[in-house]
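2 protein chains.
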Amino acid sequence: MSDKVHNQTPLKITMEVIMNISLQSNKCSSCVINSFCLPTELNKEESKKIDQLINQKTKLKKGEYLYKQGDSFNYIFSIRYGSLKTQLFLEDGRSQVIGFHLPGEIVGLDGISYGTHQSEAIALEDTELCVVRFSVLEALCKEINVLQHHVYKMFSREITQDHRHLLTLGSLNGEEKIAYFFVYLSERLSKRGLSPTNFHLAMGREEIGDYLGMKIETVSRILAKLNSTKIIEIRSKELKILNIHELHRLAGSERSKQVATQLLLTRH
Amino acid sequence: MSDKVHNQTPLKITMEVIMNISLQSNKCSSCVINSFCLPTELNKEESKKIDQLINQKTKLKKGEYLYKQGDSFNYIFSIRYGSLKTQLFLEDGRSQVIGFHLPGEIVGLDGISYGTHQSEAIALEDTELCVVRFSVLEALCKEINVLQHHVYKMFSREITQDHRHLLTLGSLNGEEKIAYFFVYLSERLSKRGLSPTNFHLAMGREEIGDYLGMKIETVSRILAKLNSTKIIEIRSKELKILNIHELHRLAGSERSKQVATQLLLTRH
DNA sequence: CGAGCGTTTGAAATCGGTCAACAGCAGTGG
DNA sequence: CCACTGCTGTTGACCGATTTCAAACGCTCG
């Protein structure tokens, strides 16, 4: 029903289709962001094999669903450009944003255990994704050692991130939560070659609140406070971080030391 | 340092050692809880291979560490009996319990991505674990298809559980959190053949609070309230669930897809 | 049996939530 | 191009759930 993967086909020749075809022809081996999705230590033969992985891409417009809770699981997705949020709901409408996902990141991993997606994924802006049939990836992992290990790492990183998020929701106050959010976002953007201090927020205030377990009014007030104390400068969705050090301190300094050193190390 | 895996050795012949040896001789293929750790669809040959996985076990007394944050990662662990908690800390001492782990469950998965454990694991009571060298498991996965798939499912289940935990911390109030906690515990115990309604809590009030993101006093008050409204009967660490239906209702167990689609309709 | 910890209970304080009004902006259609 | 509309975000006043502080209780284990 919301399975965007299958309705890629009916072709009218438009600029968009041409763009799409040209992108389709891109192989992982020549993809500009492959260092985010794939292991870096592949030999030529392995690189060639890996190009079998992607024979489908899909595009979403802002607000469109990639999958919904209960959709059957067959694919995982890697973001080429744009961004997504994943979220869960309670029956009374309360929602919890599980994560915001940037280019190079993988979504859909929560579907494997039950065969159906346990959350839903929605585009925050126009977004393109590589579609990977999980069974194909699984088969390829048996042939390529480093790929198998990479996939385990990918799962493990997801778990580690969720744990940090749990620490944030369970142990930080409002201001600390927002600080954590900006620091975390800043780090991920900077790994992608974007400015760590000046960036555009793809998500709204309410979505930030749903991610951090707080109401929109509280988010708004805390942003106003950080703004007035010159720690950040925020106007609508444009954010400037003026005092990253203070944000780190607020976000729970122990962790930020760790993350800072990780940043230095993981640049390869 | 806290690596219990290696200090299993110095032998005085005591009843405990004899017990231990007899357990050591147990293979996965004949383990009473193997249906929790391992895939069920193994043929004989595969079963035999899998017995290579475990050649080490370890025992922890209440309060002992299995691993600490920063310990190097080599093993994952499967609980034979007893229970563990895993947790993260902030610099100022605030702690977040990530999970409580029961027999048949796997701990240590968060260590893969960075090569060091990102959390710490502590025994809640006397506990025995199977020690699995992760590289051996990885190698075996290449040979046994169902095992590989099982491992992916295991990771995915972990992620799904963390997501539920996030929903709990971010979107439920105190009473709902406690209800969720009991329902979740009840389900897992009942899968292990124990009573879903009468059981012993291995963790203290403070640990429950650290798991749910609330203070011990709040936990205590909510327990008193649930007790007085005859939904549970709790005395020290002995819990009787009197009205499981009401607990389910409080925990928001029906995460309805209907609501999600309603939202879709009203929002767009 | 007493010491000490973990837990319970009460009262006061605080943080975040709720409710309500309004501002800002984007998209729509005249 | 501008007015209208509706959505998102901001701000203020108030309220309530949870935390904080303090004291007492009651297990558990030497």
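Chains A and B, in that order, give the protein sequences. In the working numbering, each number is its position in the first sequence, counted from 1, plus 24. In the working numbering, each number is its position in the second sequence, counted from 1, plus 24. Glycine included, C-beta positions come from ideal geometry on N, C-alpha and C. Because the structure is a prediction, the values reported are computed rather than measured.
Pairwise C-alpha distance: residue j and residue i
| i | j | result |
| --- | --- | --- |
| Ser137(B) | Asn251(B) | 43 Å |
| Lys72(A) | Ser53(A) | 7 Å |
| Ile240(B) | Leu225(B) | 15 Å |
| Leu14(B) | Thr140(B) | A query on residue 14(B) cannot be resolved here, the shown segment of chain B reaching from 25 to 292 and no further. |
| Gly228(B) | Phe206(B) | 14 Å |
| Ile78(B) | Ala163(B) | 14 Å |
| Phe97(A) | Tyr204(B) | 26 Å |
| Glu65(B) | Val170(B) | 7 Å |
| Arg168(A) | Glu70(A) | Note that residue 168(A) is Ile in the sequence shown, not Arg. Rounded to the nearest angstrom, the two C-alpha atoms are 7 Å apart. |
| Lys300(B) | Thr82(B) | This structure cannot speak to residue 300(B), because chain B is shown only from 25 to 292. |
| Ile130(A) | Arg181(B) | 17 Å |
| Leu274(B) | Val121(B) | 22 Å |
| Gly194(B) | Arg188(A) | 13 Å |
| Leu266(B) | Ile256(B) | 5 Å |
| Leu114(A) | Glu230(B) | 27 Å |
| Lys92(B) | Ser143(B) | 6 Å |
| Leu263(B) | Asn222(B) | 6 Å |
| Ala248(B) | Ser119(B) | 24 Å |
| Tyr235(B) | Glu199(A) | 21 Å |
| Glu211(A) | Pro220(A) | 6 Å |
| Tyr208(A) | Ile246(A) | 17 Å |
| Met238(A) | Val160(B) | 44 Å |
| Asn67(A) | Leu112(A) | 40 Å |
| Asp134(A) | Phe158(A) | 12 Å |
| Ile74(A) | Cys165(A) | 10 Å |
| Lys177(A) | Lys254(A) | 38 Å |
| Asp186(A) | Lys51(B) | 34 Å |
| Leu196(A) | Leu190(A) | 10 Å |
| Lys261(B) | Leu84(B) | 21 Å |
| Leu126(B) | Gly132(B) | 13 Å |
| Gly276(A) | Phe60(B) | 37 Å |
| Gln80(A) | Gln80(B) | 45 Å |
Local Cβ density within 10 Å of residue i, reported as buried at 16 or more and exposed below that
| i | result |
| --- | --- |
| Asp150(A) | exposed |
| Lys215(B) | exposed |
| Asn58(A) | buried |
| Thr290(A) | For Thr290(A), the pLDDT reaches just 40, beneath the cut-off of 50, and the residue's location in the model is therefore unreliable, although a value from the coordinates is still provided. The residue is exposed, with fewer than 16 neighbouring Cβ atoms inside 10 Å. |
| Thr192(A) | buried |
| Gln76(A) | exposed |
| His269(A) | exposed |
| Ile45(A) | Residue placement at Ile45(A) is flagged as unreliable, the pLDDT there being 45, under the threshold of 50; a coordinate-derived value is accordingly withheld. |
| His272(A) | buried |
| Thr110(A) | buried |
| Gly123(A) | buried |
| Asp95(A) | buried |
| Thr184(B) | buried |
| Asp116(B) | exposed |
| Gly217(A) | exposed |
Cβ distance (whole Å) where residue i is taken to contact residue j below 8 Å
| i | j | result |
| --- | --- | --- |
| Phe179(A) | Phe179(B) | 4 Å |
| Gly87(A) | Ile103(A) | Not a contact, Cβ separation roughly 16 Å. |
| Ser107(A) | Leu153(A) | The pair is not a contact, with the Cβ atoms about 11 Å apart (cut-off 8 Å). |
| Leu62(B) | His173(B) | With a Cβ gap of about 12 Å, Leu62(B) and His173(B) do not count as contacting. |
| Tyr99(B) | Val156(B) | 6 Å |
| Tyr89(B) | Ile146(B) | 6 Å |
| Ile232(B) | Val243(B) | 5 Å |
Residues bridged to residue i (per DSSP)
| i | result |
| --- | --- |
| Asn267(A) | Looking at the DSSP assignment, Asn267(A) forms no beta bridge with any residue, so it has no partner. |
| Gly135(A) | According to DSSP, which records beta bridges pairwise, Gly135(A) is partnered with nothing at all. |
| Gly123(B) | Thr110(B) |
| Phe223(A) | Leu263(A) |
| Ile130(A) | Ser102(A) |
| Ala248(B) | In the DSSP output, where bridge partners are listed per residue, Ala248(B) has none listed. |
| Thr140(B) | Ser96(B) |
| Ile256(A) | Ile265(A) |
| Ile240(B) | None; Ile240(B) has no bridge partner. |
| Ala275(B) | Ala275(B) is not bridged to any residue. |
| Ala145(B) | Tyr91(B), Thr110(B) |
Heavy atom of the ligand ATP within 8 Å of residue i beta-carbon
| i | result |
| --- | --- |
| Ile103(A) | By its list of ligands, the structure shown contains no ligand whatsoever, and the ligand ATP lies outside what it can speak to. |
Please list the segments of the beta strand (DSSP E) lying wholly inside the stretch 59 to 109 of chain B, counting only runs of 3 or more residues, in order along the chain. Counting whole runs of 3 or more residues, the stretch 59 to 109 of chain B contains the beta strand (DSSP E) stretches 78 to 84, 89 to 91, 99 to 105.
Complete runs of the beta strand (DSSP E) confined to the stretch 152 to 192 of chain A [at least 3 residues]: As far as the stretch 152 to 192 of chain A is concerned, it has no whole beta strand (DSSP E) run of at least 3 residues.
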